[in-house]
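So the sequence shown is residues 61 to 134, counted in this note's numbering. Virtual Cβ for every residue (Gly too), placed ideally from N, Cα, C. This structure is a prediction, so every number in the text was calculated from the model and none was measured. This report refers to the structure that appears directly beneath it.
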Amino acid sequence: MGQIRQLFTVVGALTLIVGIAWVAHGTGLFRLPGTDFMPNESVWTINGLLVAAFGLVVFVGARWFLRREHHTAN
61 MGQIRQLFTV VGALTLIVGI AWVAHGTGLF RLPGTDFMPN ESVWTINGLL VAAFGLVVFV
121 GARWFLRREH HTAN
C-alpha cells in the first residue's frame, strides 16, 4: 500500500505543478521563450485551474484516504 500512496502523491504533486504553470502562462505571469500560443489566453487559465484542482484532489486523497485505509487495516 505504501508504494501506491507514494505513486499517487507524486502524480498528484506533478499534476498540481503543471496546472499552476498553465495558470501562470494563461494569465501572462510566466512566459517561456518560444511559447506564443499560451500567454494571456483564458483557455489555458481555465484548463490550468481544472488540472491543478485534479492534482490537489489526487495529492490529498493519496495522503489522507490511503493513510486512513492503511490504519484501519491493522
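- In this structure, the beta-carbon distance from Val83 to Thr69 does not fall below 9 Å.
- Nearest to Leu74 by alpha-carbon distance, out of Ala112, Val103, Arg123, Phe125, is Ala112.
- It is roughly 21 Å from the alpha-carbon of Leu67 to the alpha-carbon of Ala81.
- Gly72 is not a Cβ neighbour of Phe125, given a cutoff of 9 Å.
- Pairing Leu76 with Gly115 gives a Cβ-Cβ distance under 9 Å.
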